[in-house]
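Novice: Can you keep this structure in mind? I'll have questions shortly.
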Amino acid sequence: MNIKGFSTGMYGWQARYWKDGKEPSWDEMFRDCAESGMDAVEIDPTPELAAAAQAHGLTISGTYVGLQLHEPFEALKIEESVLPSAKRLAEAGGTDLVINADPKGSWEHPELKTEEEFKRQGDNLARIAAAVKPLGLKVSLHNHAATKHNAEGDLRSVIDYSSPEVGLCIDTGWAHVAGINPIDWIRKYPERVVAFHFRNQNGAIPTEDLLEGEIDMKELISALDAIAYEGWLTFELLHQDDMQIERTMEEDVQRSVDGLKQWIEMR
């Protein structure tokens, strides 16, 4: 296994700032990311944000876009919702265009999608991958469903109903919440695993760092080594109000980086 490095999404950092009663500052968050061991960030790299991240030695790993993928392709309006961000990502040197299958209904009350809608998601992903192919980006589906029905259906959108160019961005936390062991997906679909969002869980509650929780991260690293994974390890730590928090986000990120590095070096 020869990973590109450690990256992070930014929502968890913003949420921790809010939790601490602070207004999130991009410059401060990027500084904290770099000091805690991050090599890159997953953002929509507008020129201003890309410059701010790069000022702290951070590169751009990818961009996350949420879409109502179960809707007809024309309704997605990718010329507005996807392509501008994709072009900024390519210009910033990023590689991973991560597409989320947003819920049917609402985030608070998601509905079960039909098999026809899962098929449509796969076709839409294939068409998005074809549209951004000239930019040299890797398109992957991010699992965000909290129910097994929708999580497994989103998986089929890629494996059964999309083109080989579309991969999986496995969110370990959301897979666990949906009742799925993310390690099983790695072992069963190694050729489709191109990106990650890393979080550990105790049931539906995130853990403070990656090392503690019900997901065996050491075994997960072993599974990644077995498939010779070469992408980014992107963190999605989240400090919620219903958690007992003992450390800062910077401490938990550094603790997680150190633990993963130790397991990677043991391979």
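Per my numbering, the sequence shown starts with residue -15, numbered consecutively. Cβ atoms here follow ideal geometry from the backbone N, Cα and C, with glycine treated the same way. Treat the numbers as computed from the prediction; the structure is a model and nothing was measured.
1) Quick one: residues in its chain with C-beta nearer than 8 Å to the C-beta of residue 65, no 5 flanking neighbours on either side, listed in chain order?
2) Tell me whether the segment 197 to 206 and the segment 153 to 160 touch, counting them as touching only if at least three CB pairs, one residue from each stretch, are closer than 8 Å.
3) Apart from the five residues just before and just after residue 71, which ones in its own chain have a Cβ nearer than 8 Å to its Cβ?
4) Among the candidates 68, 226, 219, whose CA atom is the shortest distance from the CA of residue -5?
5) Determine the closest residue to residue 204 out of 166, 239, 30, 193, with distance taken between C-alpha atoms.
6) Give the C-beta separation of residue 129 and residue 162 to the nearest angstrom, bearing in mind that I take them to be a contact with Cβ-Cβ under 8 Å.
7) In or out: residue 28 buried (at least 16 other Cβ within 10 Å) or exposed?
8) Put residue 96 into one of helix, strand or coil per three-state DSSP.
9) Quick one: give me the first and last residue of the alpha helix (DSSP H) that residue 181 is part of.
10) Counting pairs of beta carbons, one from the segment 218 to 233 and one from the segment -8 to 7, are three or more of them closer than 8 Å?
11) So residue 9 and residue 26 are supposed to be a Cβ contact under 8 Å. How far apart are they, rounded?
12) Could you pull out every residue in the same chain whose Cβ sits closer than 8 Å to the Cβ of residue 225, ignoring the five residues on either side in sequence?
13) What three-state label does DSSP hand residue 225 in the structure shown?
14) Tell me where the beta strand (DSSP E) around residue 131 begins and ends.
15) So within the segment 31 to 85, which uninterrupted alpha helix (DSSP H) runs reach at least 4 residues, ignoring any that extend past its ends?
16) Count the other CB atoms within 10 Å of the CB of residue 216; is the residue buried (16 or more) or exposed (fewer)?
17) Taking the alpha carbon of residue 112 as the reference point, which residue from 56, 24, 213 has its own alpha carbon closest?
18) Which residue comes first and which comes last in the alpha helix (DSSP H) that contains residue 248?
19) Quick check on DSSP: helix, strand or coil for residue 165?
20) From what residue to what residue does the alpha helix (DSSP H) around residue 252 run?
21) Can you tell me which of 148, 68, 19 puts its alpha carbon nearest to the alpha carbon of residue 176?
22) Does the distance from the C-beta atom of residue 214 to that of residue -13 stay below 9 Å?
23) Please report the residue range of the beta strand (DSSP E) in which residue 192 lies.
24) Identify, in the order they occur along the chain, each residue of the same chain with its Cβ nearer than 6 Å to the Cβ of residue 242, setting aside the five sequence neighbours on each side.
25) Mapping the DSSP letters down to three states, classify residue 114 as helix, strand or coil.
Specialist: Let's see:
1) 49, 51
2) yes
3) 119
4) 219
5) 166
6) 6 Å
7) buried
8) coil
9) No alpha helix (DSSP H) contains residue 181, which is instead part of the beta strand (DSSP E) from 177 to 181.
10) yes
11) About 18 Å separates the two Cβ atoms, so there is no contact after all.
12) 3
13) coil
14) First-last for residue 131: undefined, no H or E at that position.
15) 31 to 39, 57 to 60, 62 to 65, 67 to 75
16) buried
17) 56
18) 233 to 249
19) coil
20) Residue 252 lies beyond the stretch modelled for the chain, which goes from -15 to 251, so this question has no answer here.
21) 148
22) yes
23) Run containing residue 192: none; DSSP gives neither H nor E here.
24) none
25) helix
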